[in-house]
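One structure is given below, encoded as structure tokens.
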Amino acid sequence: RKEVEQDPGPFNVPEGATVAFNCTYSNSASQSFFWYRQDCRKEPKLLMSVYSSGNEDGRFTAQLNRASQYISLLIRDSKLSDSATYLCVVGANAGKSTFGDGTTLTVKP
Amino acid sequence: NAGVTQTPKFQVLKTGQSMTLQCAQDMNHNSMYWYRQDPGMGLRLIYYSASEGTTDKGEVPNGYNVSRLNKREFSLRLESAAPSQTSVYFCASRGTSGRGDTQYFGPGTRLTVL
Numbered sequence: 395r396k397e398v399e400q401d402p403g404p405f406n407v408p409e410g411a412t413v414a415f416n417c418t419y420s421n422s423a424s425q426s427f428f429w430y431r432q433d434c435r436k437e438p439k440l441l442m443s444v445y446s447s448g449n450e451d452g453r454f455t456a457q458l459n460r461a462s463q464y465i466s467l468l469i470r471d472s473k474l475s476d477s478a479t480y481l482c483v484v485g486a487n488a489g490k491s492t493f494g495d496g497t498t499l500t501v502k503p
Numbered sequence: 139n140a141g142v143t144q145t146p147k148f149q150v151l152k153t154g155q156s157m158t159l160q161c162a163q164d165m166n167h168n169s170m171y172w173y174r175q176d177p178g179m180g181l182r183l184i185y186y187s188a189s190e191g192t193t194d195k196g197e198v199p200n201g202y203n204v205s206r207l208n209k210r211e212f213s214l215r216l217e218s219a220a221p222s223q224t225s226v227y228f229c230a231s232r233g234t235s236g237r238g239d240t241q242y243f244g245p246g247t248r249l250t251v252l
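As they're listed, the protein sequences go chains F and H.
Just so you know, we're using our numbering here: the first sequence kicks off at 395 and counts up by one.
Just so you know, we're using our numbering here: the second sequence kicks off at 139 and counts up by one.
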């Protein structure tokens, strides 16, 4: 079993749709959680950190459920520019992080 | 402020050749990382350096060596390249931003081993 698992998709949604991604992790000692975005053939960039109480950044909402060991990302009112691969990232200690394989989102007109 | 830079951007090697991938950051970060990304997969950690003078193995260190030359630079060396090392290599440094703990990535090196 992988340490961090994501549904690979692809998710194909129309503009304006709401879409949610889930991610599960196996290490109960994990301490930090993130969503990164990666555009085709580009480097990953931090989308948002995920906090225990949940957090929101504009159209993006991230949730953490420590008991069930999963993280979610909700995107509301999808834009064409949201098309990308979304990487779930979990950190344990010493700054080391484990990346999921990513979920691909395509937003269509 | 260039962030994280990597050279070269592209490289083709023959099996058995050696090469060094260079990485530098100008953000005064202590921690630096080397990852590889194979098609359709996430990033896998090769080596990391928590601070100048220290390096540790990650998930997939076999076939690689690293040097943390100074606080700015962290290089990755392939001593005898193999086709299984064909991949995209990303260097990253870690610091804090308005969004919290953040890894900043370089643009990547696309390596093909024939």
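The beta-carbon is built from N, C-alpha and C at its ideal position, and this holds for glycine as well.
Keep in mind that this is a model prediction, so the values were computed, not measured.
Q.
Please return the same chain residues whose Cβ sits closer than 7 Å to the Cβ of residue 430 of chain F, not counting the five positions on each side in sequence.
A. Start at 1 with the first residue of the first sequence, and residue 430 of chain F comes out as number 36. Same-chain partners within the cutoff: 438, 439, 440, 441, 481 and 483.
Q) To the nearest angstrom, how far is it from the Cα of residue 218 of chain H to the Cα of residue 240 of chain H? A) On the second sequence, residue 218 of chain H is found 80 positions in, with the first residue counted as 1. On the second sequence, residue 240 of chain H is found 102 positions in, with the first residue counted as 1. Their backbone Cα atoms lie some 33 Å apart in a straight line.
Q: Using a cut-off of 8 Å between C-beta atoms, extract the partners of residue 169 of chain H located in chain F.
A: As a position in the second sequence, residue 169 of chain H is number 31, starting the count at 1. Result: 489.
Q: Return the residue from the list F:401, F:408 and F:425 that minimises the CA-CA distance to residue 417 of chain F.
A: Mapped onto the first sequence, residue 417 of chain F falls at position 23. Per the Cα distances, F:401.
Q: Mind listing the chain H neighbours of residue 495 of chain F? Cutoff is C-beta to C-beta under 9 Å, in chain order.
A: As a position in the first sequence, residue 495 of chain F is number 101, starting the count at 1. For residue 495 of chain F, the neighbours in chain H by C-beta distance under 9 Å run, in chain order, 178, 179 and 180.
Q: Would you mind sorting residue 148 of chain H into buried or exposed? The rule is 16 or more other CB atoms within 10 Å of its CB.
A: The residue given as residue 148 of chain H occupies position 10 in the second sequence. Counting Cβ neighbours within 10 Å, residue 148 of chain H comes out exposed, since fewer than 16 surround it.
**Q.** Per-residue contacts from residue 443 of chain F into chain H (C-beta, under 9 Å)
**A.** Walking along the first sequence from the start, residue 443 of chain F turns up at place 49. Going along chain H in sequence order, the residues near residue 443 of chain F (Cβ under 9 Å) are 237, 238, 239 and 240.
Q.
Using beta carbons (cut-off 8 Å, strictly below), is residue 458 of chain F in contact with chain H?
A. Along the first sequence, read from residue 1 onward, the residue named residue 458 of chain F stands at position 64. Output row for residue 458 of chain F: interface = no.
Q. In angstroms, rounded to a whole number, what distance separates the CA positions of residue 222 of chain H and residue 153 of chain H?
A. Taking the first residue of the second sequence as position 1, residue 222 of chain H is located at position 84. Taking the first residue of the second sequence as position 1, residue 153 of chain H is located at position 15. In a straight line, the C-alpha of residue 222 of chain H is about 10 Å away from that of residue 153 of chain H.
Q) Can you pull the DSSP bridge partners for residue 434 of chain F? A) The residue labelled residue 434 of chain F in the question sits at position 40 within the first sequence. According to DSSP, which records beta bridges pairwise, residue 434 of chain F is partnered with nothing at all.
(Q) Since residue 231 of chain H and residue 167 of chain H should fall inside the 8 Å C-beta cutoff, what is the C-beta to C-beta distance between them, to a whole number of angstroms? (A) Here the question's residue 231 of chain H lines up with position 93 in the second sequence. Here the question's residue 167 of chain H lines up with position 29 in the second sequence. Distance from residue 231 of chain H to residue 167 of chain H at the Cβ level is roughly 4 Å; contact confirmed, criterion being Cβ atoms closer than 8 Å.
Q) Using a C-beta cutoff of 8 Å, does residue 148 of chain H count as contacting chain F? A) Working through the second sequence from its first residue, we reach residue 148 of chain H at position 10. Not one chain F Cβ lies under 8 Å of residue 148 of chain H.
Q. If you draw a straight line from the C-alpha of residue 425 of chain F to the C-alpha of residue 460 of chain F, how long is it?
A. For the purposes of this step, residue 425 of chain F is identified with residue 31 of the first sequence, where counting begins at 1. For the purposes of this step, residue 460 of chain F is identified with residue 66 of the first sequence, where counting begins at 1. One C-alpha to the other measures close to 10 Å.
Q: Identify whether residue 408 of chain F lies in helix, strand or coil by the three-state DSSP scheme.
A: Within the first sequence, residue 408 of chain F is the residue found at index 14, counting from 1. Note: residue 408 of chain F maps to strand in three-state DSSP.
Q) Using a Cβ-Cβ distance under 8 Å, would residue 212 of chain H count as near chain F? A) As a working mapping, residue 212 of chain H is identified with position 74 in the second sequence. So no, residue 212 of chain H is outside the interface.
Q: Mind checking the segment 423–434 of chain F against chain H and listing, in chain order, the residues whose C-beta falls within less than 7 Å of any C-beta there?
A: 426
Q) Between residue 182 of chain H and residue 479 of chain F, what straight-line distance do the alpha-carbon atoms span, to the nearest angstrom? A) Looking up residue 182 of chain H in the second sequence gives position 44. Looking up residue 479 of chain F in the first sequence gives position 85. Distance between the alpha carbons of residue 182 of chain H and residue 479 of chain F is about 16 Å.
**Q.** Own chain residues within Cβ distance below 7 Å of residue 503 of chain F, not counting five before or after
**A.** Here residue 503 of chain F corresponds to residue number 109 of the first sequence, with the count starting at 1. Residues of the same chain with a CB within less than 7 Å of the CB of residue 503 of chain F, apart from the 5 flanking positions on each side, are 409 and 474 in chain order.
**Q.** Partners in chain B for residue 437 of chain F, counting only beta-carbon separations shorter than 7 Å
**A.** In the structure shown, chain B cannot be found, because the protein chains are F and H.
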